[in-house]
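Residue numbers (the numbering used here), protein chains in the order written: chain F, 39 to 133; chain L, 13 to 170; chain U, 35 to 327; chain H, 44 to 812.
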């Protein structure tokens, strides 16, 4: 497990742990887990878009954001906690 | 196509209308007389949403020509309630939540009334085979059959 | 398209003749109106036969029954004597479509629409029913099995139409039945339909039999070989197996949206056996309703 | 922005929510007064009809409408030139990713007709007969092209190409050649290879499903009126009047506020009415003719040219330990999208293993275009197909291990905290509870006779929230009108009114719920994704709490005491503190009477993007009997168990479970699109497209499990879509247990079942001989 010192550092810089898999992982050059400085969803998306340009077009509305298991859809200002785990989940359509 | 002049009886009232020979009774009810309670689901007699009574027989009004109504008696869903009192079947369909979207409901009610008028104490199987010509996609039929059986019991009761 | 509702057979015959093939008769309309809406037929004139007395009602007399060609199946089904004498015929016509279709559909329409899968026809064939046909040349009698000549085609001449059906008085110790195979339990067109009628002698040996078969050839069939498999036997398991084999052999089916060739051939034999068993029970005197619908 | 967490679950005794009142809109539906899409007539109205392509794939060289235009009574003729051509870009419309270039082409063919029934032109005339004649006078010069219907064939490199400019997305490096594969998606967790290595038993199968239709009994219908100043009214049967406004305004180049869309009563949708077909054409015809234009699809048009769900090829492989722990799950899903990209393969991939707690999962999906109508959503879009395959293989694993099918599922069931196969951790979910309830139900112990079998399957759907507005208007006499923006297909006006009445502490009869048109409320996403009771419910509760706050403020002003000393209980404002004994409570009616004097009308409002939709899990148990001589499968008993979080109106929750189960029965046994060799539909009607009839099915037994969703004020989970997910596998498992044959192809129609029975007998006799 991460040492408490590292976790403390992360809290000061407000880094969220982002998990990528499948197609997104490919578009992010194979990275499955990364840390992103973001206090809300919009900051997260902007940071991801800058770091992986080919990811950007998909992020706009193709994905919902799961923060510690709770899914937010099109919610730019949903808060991201200092050591939240964030997943990008493809948006679901209704039937 | 020249129109025919038809005189008939609908829900007990004398009615006159003009229609072309190609117009079905369903077309006349809906688009000439604006009685839109009977619905068109298929226009081929396969869904039962247009069910009406014609001279006491349960029929699909999409498979009857408007001109064939001449001198006959027609009963539609609009005639099922009396004044402000719903027919027991209409009441039981509401109580049992035997409808969701409701587009097939008029056809089911007319058909169920035709059944109970001739067989006041049907079994579940008899209800299901009598109503096999009325398609429903929302309810899975369970609550419809329960509502018909419950209405039958109530109508036998009093 | 125009519409007329003549009061007599003669009036109807003259109307049809006047339009020289561009007029179409209407009885229940449950087939005709679907074709009209789909544009499959576009007649100049529709001649409604329901106002003509000979085409309505059911009469029972010493030598059998007479059913008006435009009488609705619902009405026929309520005729107790007919249902007692020919349970198989009544079963068959009550399987046509739904309750709503029953309120209109007629034997004349079901036969002359000439669908190979028409439900009433195999049972009428098994019962030995005969049609009364009217037309410009007067009236004539035609056995039911001689009417349909192919999908949508009949042997009726231009301007002819069926006025009624005669069913003989069933012999003693007789029974008939009809079964069909459909994917659902109601509403479908038969994938296979079998009508069987038989007569037993006092010892329980089958002396007469007729087997009608639907939906497995371009026309409904009278299957002589299947009847031969029963006549002279006690309709035991061996006879029923021979009946099944003969019935399957008579099939000349197609693959279509309802069934495959192999399926129809196999199931025709299965249904023939089951139908014959019910007809047998009825001939022996127990009044059982055909199993399944 | 209001933080959705503030309106989470609050525990308290309920008076109305959870009971079974009569629905407030029911009488009109049982008397025939309720107005559905085709039930409206207006003066000066024209009838519109569509000319549809007879070819499955053809280039349109030219269209000559001159003769049609000249026919007396014809007032307007349109082709694709009358609709905007739009660039290919993915634009969010609520939670939907829409490609307007595809949509404008699906509504009216431009370069090519891509499926039989594809709209090519449309006319508006004074009556139906003239409109039909006019269609025959339109001459279209087609260059017929080879077509492809099967998903596997469409993926081959030499297959006929539908879109010359379609390059597969989600493949690195970017492909050089165009193909019919629109998109590849992948979901992975852990290491499946390692998982399979640890497995004691591994089962894999290929599955095939065919396109099926939602089967709503009401065909698409609308009535459009565009006036000379560009203001337009559109009355139509739809699951989302706001998305219809967005789509139509885009296709016709109109400003959104100019177009008012009113949702009629809707005769069933199941996802199939979340798109536009006739609406843009009616608007274009009305704009061109200056008359109102009514258009109604025939049943044949509904089958040929609306949006059935995908046919698919699915490969699934699952490994498990002897103890019954699944060590790895892998699947490849190939879904047909129809003529334009956009099959539900992505949610299908996410759903496939969702009910289970797996460390190693890999699911790859392909979205493939074919010459069939563009696929639309059908109740849990993509889910039933994927979970039919997975739940069938899980049943095989249980048999191989000699485990009861419910036991095996219990050993692997996802619970709160489980990492979902599609990524995030689950909140509280009810799969275990549904499995336990199914196992203890009487149906699970009924003895079975010869040729009878019992099958079990579980099912999952995500459910969604989304943009939702609701308004509560307090009338002068103290009764309330509730305006919601989500069309009510199956009784949601009842459940919304129940939540409002519960919040306000008044009788249900005092609340009149209606569905507003697009000018009455802010933007509402559609009715779909099982979101209405959840999202509109949340908005109604927030609007009610907004109203209660205003009511307390008025009472505080009237009593001249601080706001904090006023509480709202049992439909009255009550004073706390020292003077509470002498102050008489004020009812809703009391405050309403003097509202004008105390500050003006009182209106409760909510406009939210509802977050926190909780998945709904289900387990179904079905008993079947197979006639070995005819192959007919009869459903003897059917049990559906599902987690509703909180059943606001239990009768309508049961109705969703029963309706979904019977749709699943149809999908499993008899429903299929049947095409001939030149791509023409053979059964575009209810006679040969066989949906279950009343006599085909038994009563559908239901058990509602309630594991509250903490993120909804009443704990609600959407229940509309999950019920259709388990049936196909449950029935296939039951048939396998009855006759020992594993069917991997749907539907299990009598010819197919008998052929398999005969093949098995033949192979047995061969081995025995």
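Glycine included, C-beta positions come from ideal geometry on N, C-alpha and C.
Remember, predicted model here, so these are calculated numbers, not experimental data.
Rounded to the nearest angstrom, what separates residue i and residue j at their Cα positions?
i	j	result
residue 772/H	residue 387/H	19 Å
residue 360/H	residue 523/H	56 Å
residue 721/H	residue 99/H	7 Å
residue 84/L	residue 33/L	16 Å
residue 40/L	residue 30/L	9 Å
residue 267/U	residue 273/U	7 Å
residue 138/H	residue 61/F	Caution applies to residue 138/H, whose pLDDT of 49 falls short of 50 and renders its modelled position unreliable; the model cannot decide the point.
residue 303/U	residue 803/H	20 Å
residue 46/L	residue 83/H	9 Å
residue 49/H	residue 584/H	Legend: pLDDT at residue 49/H = 43, less than 50; position of this residue unreliable, no value from coordinates given.
residue 97/L	residue 532/H	26 Å
residue 52/L	residue 62/L	6 Å
residue 181/H	residue 213/H	42 Å
residue 746/H	residue 791/H	27 Å
residue 212/U	residue 77/H	43 Å
Run through chain F and tell me which residues come within less than 8 Å of residue i, C-beta to C-beta.
i	result
residue 654/H	108, 109, 110, 111, 113 and 116
Residues of chain H with CB under 7 Å from residue i, in chain order?
i	result
residue 120/F	Chain H residues near residue 120/F: none, gap ~17 Å exceeds 7 Å.
According to DSSP, which residues form a beta bridge with residue i?
i	result
residue 358/H	249/H and 375/H
residue 501/H	662/H
residue 174/U	167/U
residue 710/H	The partner list for residue 710/H (beta bridge, DSSP) is empty, contrary to what the question assumes.
residue 652/H	510/H
residue 677/H	668/H
Along the chain, where does the alpha helix (DSSP H) that runs through residue i open and close?
i	result
residue 291/H	284–295
residue 329/U	Past the boundaries of the shown model lies residue 329/U; chain U is included only from 35 to 327, so the question cannot be answered.
residue 142/L	136–142
residue 771/H	770–782
residue 585/H	580–602
residue 114/F	Where residue 114/F is concerned, there is no enclosing alpha helix (DSSP H), given that its DSSP letter is neither H nor E.
residue 392/H	388–395
Where do the N-terminal and C-terminal ends of the beta strand (DSSP E) with residue i fall, by residue?
i	result
residue 29/L	25–31
residue 405/H	404–412
residue 71/F	71–75
residue 146/L	Looking at the DSSP string, residue 146/L is not in any beta strand (DSSP E), and its letter there is neither H nor E.
What residues of chain U sit near residue i, judged by a beta carbon separation below 7 Å?
i	result
residue 739/H	218 and 219
residue 40/L	Near residue 40/L there are no residues of chain U at all, since even the closest Cβ is about 13 Å away, more than 7 Å.
Interface residues of chain F around residue i at Cβ under 7 Å?
i	result
residue 230/H	59 and 60
How would you list, in chain order, the residues of chain L whose beta-carbon sits under 8 Å from the beta-carbon of residue i?
i	result
residue 728/H	54, 56 and 58
Give the residues of chain H in contact with residue i, contact being defined as C-beta atoms less than 8 Å apart.
i	result
residue 212/U	Those within 8 Å of residue 212/U in chain H number zero; the least Cβ separation is about 16 Å.
residue 43/L	84
Can you name the residues of chain U whose CB is closer than 8 Å to the CB of residue i?
i	result
residue 16/L	37
Is the beta carbon of residue i within less than 6 Å of some heavy atom of the ligand FMN?
i	result
residue 79/H	Looking at this structure, you won't find the ligand FMN or any other ligand, since it has none at all.
Next on the checklist: Quick check: the segment 481–492 of chain H against the segment 261–279 of chain H, are at least 3 beta-carbon pairs closer than 8 Å?
Outcome noted: Output reads no: the segment 481–492 of chain H does not touch the segment 261–279 of chain H.
Checklist entry - At a cut of 8 Å, does the segment 102–111 of chain L reach the segment 660–671 of chain H through at least three beta carbon pairs? => result For the pair of segments examined, the segment 102–111 of chain L was found not to touch the segment 660–671 of chain H: the number of CB pairs separated by less than 8 Å stays below three.
Checklist entry - Would you say the segment 236–243 of chain U touches the segment 146–165 of chain L, given that touching needs at least three Cβ pairs under 8 Å? => result no
Item to check | Within 9 Å of chain B by C-beta, residues of the segment 135–155 of chain L in sequence order | outcome: Among the protein chains in the structure shown, which are F, L, U and H, there is no chain B.
Checklist entry - Counting pairs of Cβ atoms below 8 Å between the segment 173–182 of chain H and the segment 109–119 of chain H, do you hit three or more? => result yes
Checklist entry - Just checking, does the segment 757–777 of chain H make contact with the segment 694–704 of chain H on the three C-beta pairs under 8 Å criterion? => result yes
Next on the checklist: Could you check whether the segment 59–79 of chain F touches the segment 116–126 of chain F, counting it as contact only if at least three pairs of C-beta atoms, one from each stretch, sit closer than 8 Å?
Outcome noted: yes
Checklist entry - When the Cβ atoms of the segment 724–741 of chain H are set against those of the segment 552–568 of chain H, are three or more pairs found closer than 8 Å? => result When Cβ pairs closer than 8 Å are counted between the two stretches, the segment 724–741 of chain H is seen not to touch the segment 552–568 of chain H, the count staying below three.
Next on the checklist: Taking 8 Å as the cut-off, does the segment 390–410 of chain H touch the segment 273–287 of chain H (at least 3 CB pairs, one atom from each stretch)?
Outcome noted: no
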